[in-house]
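Comments concern the structure below.
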Amino acid sequence: MDAASLAQFERLCTEFYNPPNEQAQRHAHEVLTPLLNGIDSVPQLQYVLANSSNQQALVFASTALTKVATANWTAVTEQQREDMKNFMLNYLFQNCEALQNSAPYAVSFLVRFLCRIVKLSWLEGPQHQTIVSDVQKFLSASTRHWILGLDIYVQLTADIQPTVGPGMSRFRRTALSFRDIALPQIFTTAVDILTQMYEGKLRIDDKMDEFKLVKKVLQLAYNCLSFDFMGTIPDETSEDQTTVMVPHNWTVLKDNIIPKLFFQLYDSSCKNGWKDCAIYCLQCLVLLSSLRRSFFQNEEEKTALLQSMMEGTAHLISNKVGLSDPQCLHETCRLIGRINTSSQFKELKQV
Numbered sequence: 001m002d003a004a005s006l007a008q009f010e011r012l013c014t015e016f017y018n019p020p021n022e023q024a025q026r027h028a029h030e031v032l033t034p035l036l037n038g039i040d041s042v043p044q045l046q047y048v049l050a051n052s053s054n055q056q057a058l059v060f061a062s063t064a065l066t067k068v069a070t071a072n073w074t075a076v077t078e079q080q081r082e083d084m085k086n087f088m089l090n091y092l093f094q095n096c097e098a099l100q101n102s103a104p105y106a107v108s109f110l111v112r113f114l115c116r117i118v119k120l121s122w123l124e125g126p127q128h129q130t131i132v133s134d135v136q137k138f139l140s141a142s143t144r145h146w147i148l149g150l151d152i153y154v155q156l157t158a159d160i161q162p163t164v165g166p167g168m169s170r171f172r173r174t175a176l177s178f179r180d181i182a183l184p185q186i187f188t189t190a191v192d193i194l195t196q197m198y199e200g201k202l203r204i205d206d207k208m209d210e211f212k213l214v215k216k217v218l219q220l221a222y223n224c225l226s227f228d229f230m231g232t233i234p235d236e237t238s239e240d241q242t243t244v245m246v247p248h249n250w251t252v253l254k255d256n257i258i259p260k261l262f263f264q265l266y267d268s269s270c271k272n273g274w275k276d277c278a279i280y281c282l283q284c285l286v287l288l289s290s291l292r293r294s295f296f297q298n299e300e301e302k303t304a305l306l307q308s309m310m311e312g313t314a315h316l317i318s319n320k321v322g323l324s325d326p327q328c329l330h331e332t333c334r335l336i337g338r339i340n341t342s343s344q345f346k347e348l349k350q351v
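In the UniProt record's numbering, the protein residues as written are 1 to 351.
Below, the structure is given as structure tokens:
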């Protein structure tokens, strides 16, 4: 693909996503569809990513790459797999600022392609399980790189969950391996950032960037806590996950300061008008109140966490923090209900 072909590709993508008329969209669809049919289109699509700033072109190219890689993974050589992953990591890191300024909508599609590569190659050896160290350079750079690094974790922890369908057995093994190798470190990253916020050590000058960072870290915490730890693939129609089966080595959750992180962030999110963040805080607290009883070594550990949950909930209710919002009220009611059902009467009475 050369500059002229790229310009034509960008025009077709624009007409496909924002058609001036039905005929133009149909023509664009006919020309672009063949790029989804085989692995041979990968170099062309990567050329688009490397040379285009057109948002529609980036969305189509990254979506096409995700579909092509997923459908033709066995035809991708070991070297191609490694090259694709390294290309995306370098591309996202080097173009972080430009993408978030000129093509913010395309970022999630680009990240999704990277996450799909990681998922598909995970069981093929330790060399494909380096995502935590790969993302670390994002978390050590600018605020926007930090946000992008968290976005990679957010999408990966969602995409790598096992689902019903073709390849279910393999993807279940992938999820369980990921749970043991990478998820603890990823969750620790989320807790570390939340702790910095709690202690007032994290200062972001740009309010919008601060909002994005807070939302991403809360999404990440939620994804980690709601992970299918046992690979049971629960029924998606069920509103609640009754018990959170976290591994025994997630000892950080036994610290009763953990609920305080979420309650404080809920309070500040409500004050800032960050409704999405406030809801994530409550959803994380619901999951914390659902930790399996056998996770705790003794009653004192369970009671300490319960007391922290009860104190935070009582403060929330007595001060009516965020309760004028229907969704926050709903999540608060879920939290109260979950504390009640996951605790024995004598435990509630002691607190």
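All C-beta atoms in this analysis are idealised placements derived from N, C-alpha and C, irrespective of residue type, glycine included. Because the structure is a prediction, the values reported are computed rather than measured.
Whose C-beta lies closer than 6 Å to the C-beta of residue i among residues of the same chain, with five residues either side of it excluded?
| i | result |
| --- | --- |
| S294 | none |
| I186 | Y153 |
| V286 | R334, L335, R338 |
| F109 | V59, S62, T63 |
| S5 | none |
| P19 | Q25 |
Assuming contact is defined by CB atoms lying nearer than 7 Å, are residue i and residue j in contact in what I supplied?
| i | j | result |
| --- | --- | --- |
| I117 | K85 | yes |
| G231 | A158 | no |
| L148 | C224 | no |
| R338 | S289 | yes |
| R112 | T70 | no |
| C270 | G322 | yes |
| L99 | A64 | no |
| Q283 | Y222 | yes |
| C13 | Q56 | yes |
| L218 | C277 | yes |
| P259 | M310 | no |
| V132 | I233 | no |
Can you check which of these residues, the options, is closest to residue i by C-alpha distance?
| i | options | result |
| --- | --- | --- |
| K119 | A182, H27, F263 | A182 |
| P43 | S62, N223, L335, E299 | S62 |
| L316 | F262, F93, P247 | F262 |
| K216 | H145, V132, Q161, I160 | H145 |
| A28 | D83, F9, L45 | F9 |
| D228 | V244, V164, L220 | V244 |
| F87 | V107, A50, A57, V135 | A50 |
| Q264 | I279, W250, T251 | I279 |
| H248 | E22, N298, S5 | N298 |
| H128 | V164, Q79, P34 | Q79 |
| Y91 | M309, V48, Q327 | V48 |
| Q136 | F93, E30, S53 | F93 |
| L253 | K302, T341, L114 | K302 |
| D134 | V68, Y105, E82 | E82 |
| F138 | L89, G167, W250 | L89 |
| T251 | E30, L220, R292 | R292 |
| I193 | G125, T74, S140 | S140 |
| T74 | S53, L114, C115, S121 | S121 |
| L220 | P166, C281, T242, E22 | C281 |
| T341 | T242, E300, A314, P326 | T242 |
Using C-beta distances below 7 Å, list every residue in its chain close to residue i, excluding the 5 sequence neighbours before and after it, in chain order.
| i | result |
| --- | --- |
| A24 | E15 |
| E210 | I204 |
| K212 | I147 |
| V76 | I39, A69 |
How far does the alpha helix (DSSP H) with residue i in it extend, from its first residue to its last?
| i | result |
| --- | --- |
| E300 | 299 to 318 |
| E30 | 22 to 32 |
| L183 | 183 to 198 |
| W146 | 143 to 159 |
| E15 | 3 to 17 |
| H330 | 326 to 342 |
| I257 | 257 to 272 |
| P104 | 104 to 121 |
| K275 | 275 to 288 |
| I131 | 131 to 139 |
| M88 | 78 to 94 |
| T70 | 55 to 71 |
| E210 | 207 to 225 |
| Q46 | 42 to 51 |
Assuming the contact rule is C-beta atoms closer than 8 Å, residue i and residue j should be a hit. Round their C-beta distance to whole Å, please.
| i | j | result |
| --- | --- | --- |
| A103 | L58 | 5 Å |
| A304 | N256 | 5 Å |
| P162 | R172 | 4 Å |
| L123 | R179 | So it is not a contact: roughly 13 Å between Cβ atoms. |
Within the same chain, show all residues whose beta-carbon is closer than 8 Å to that of residue i, passing over the 5 residues directly before and after it, in chain order.
| i | result |
| --- | --- |
| F345 | Per-residue confidence for F345 stands at a pLDDT of 46, beneath the threshold of 50, marking its modelled position as unreliable; the derived number appears in the next sentence. Once the five neighbours on either side are set aside, F345 has no close Cβ partner at all. |
| T143 | I204, D206, D209, L213 |
| F296 | K254, K302, L305 |
| V31 | L12 |
| Q196 | L202 |
| E331 | I279, L282, Q283, V286 |
| Y17 | Q56, V59, F60 |
| V246 | L225, F229, L253, L291, R292, F295 |
Against chain D, with Cβ distances strictly below 7 Å, would residue i count as a contact?
| i | result |
| --- | --- |
| L220 | No chain D is present in this structure, which holds just one protein chain. |
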